[in-house]
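> Heads up: the sequence shown runs through residues 142 to 223, numbered per this note's numbering.
A virtual CB, placed ideally from N, CA and C, is assigned to each residue, including glycine.
Small disclaimer: the values here were computed from a predicted structure and weren't measured.
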Amino acid sequence: MGHILGDAFPYVAGAFKIIVLCIGGYFAIKWHFEEDRRVREAKGEVFDKVSYMKKLAIIITSLISLVLLIVLVVYATNWYLD
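Listed below in structure tokens is the structure:
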């Protein structure tokens with residue numbers, strides 16, 4: 142695999158897989174929370190709304206974690222293959 146595309150494929154495929162799995166996991170968790178909310182609202186229970194700052198903190202933390210995970214996978218793979 143001396144070609145540049147052949148050398149980069151494991152990194153691109155691994156990063157793509159991680160991104161797709163994270164997005165799928167996000168939507169799965171979101172669906173379960175929304176389903177639980179729908180069931181509780183049907184029972185008459187009241188939810189407190191999440192503040193804007195808390196949502197922003199969760200999103201930023203998630204993005205930083207995702208970037209760090211991708212960097213870790215790339216460096217670990219590069220270290221292991223060398």
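#1: By Cβ distance below 7 angstroms, which residues in the same chain neighbour Ile-205 in space, the five residues on each side in sequence not counted?
#2: Mind the definition here: the segment 212–221 touches the segment 172–180 only if three or more C-beta pairs lie below 8 angstroms; say whether that holds.
#3: Could you tell me how far apart the beta carbons of Val-212 and Tyr-152 are, in whole angstroms, since I believe they sit closer than 8 angstroms?
#4: Please report the straight-line C-alpha distance between Cys-163 and Gly-147, rounded to a whole angstrom.
#5: Assuming Leu-210 contacts Ile-170 under a Cβ cut-off of 8 angstroms, what Cβ separation, rounded to an integer in Å, is found between them?
In short:
#1: None.
#2: Verdict: no, contact absent.
#3: Taking the Cβ atoms as the reference, Val-212 lies roughly 11 angstroms from Tyr-152, outside the contact range of under 8 angstroms.
#4: Straight-line Cα distance between these residues: approximately 25 angstroms.
#5: Between the beta-carbon of Leu-210 and that of Ile-170 there is about 17 angstroms, and that puts the pair past the 8 angstroms contact cut.
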